[in-house]
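In what follows, a single structure is set out as structure tokens and then discussed.
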Amino acid sequence: MSNQWQLQQAKNQFSQLVDEAIKNEPQIVTRHGAKAVVVMSYQDYCALLKPETDLVDFMRSSPLVGL
12 MSNQWQLQQA
22 KNQFSQLVDE
32 AIKNEPQIVT
42 RHGAKAVVVM
52 SYQDYCALLK
62 PETDLVDFMR
72 SSPLVGL
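Under the working numbering, read the sequence shown as residues 12 to 78, first letter to last.
Here it is, written out as structure tokens:
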């Protein structure tokens, strides 16, 4: 199945939309033909929020350390 849903379809098949987001990939919901929102798994959401490195590690890896 495609990962794009029209708003009415998303409302009517919300459980399936959530299942697709969890099992496969983020799902895009359109409104009036324009992309409006993305439904994604909580795991994918947390991965987006977590920085690759924290500030302390970033500063320690700076080429200016020790100057």
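A virtual CB, placed ideally from N, CA and C, is assigned to each residue, including glycine. Keep in mind that this is a model prediction, so the values were computed, not measured.
Exposed or buried, which one is residue i when buried takes at least 16 other CB atoms within 10 Å?
i   : result
L95 : One cannot answer for residue 95 here, as it falls past the ends of the chain, which runs 12 to 78.
Q38 : buried
L78 : exposed
So, with DSSP's three-state summary, where would you put residue i?
i   : result
Q19 : helix
L59 : helix
L75 : coil
S13 : coil
Q27 : helix
I'd like to confirm the pairing. Which residues does DSSP put opposite residue i in its beta bridges?
i   : result
Q38 : V50
A45 : R42
Check for me: the alpha helix (DSSP H) holding residue i runs from which residue to which?
i   : result
V67 : L66 to R71
- [ ] Please confirm if the region 62-72 is in contact with the region 34-46, defined as three or more CB-CB distances below 8 Å between the two stretches.
- [x] Touching, no, given that fewer than three Cβ pairs across the two stretches are closer than 8 Å.
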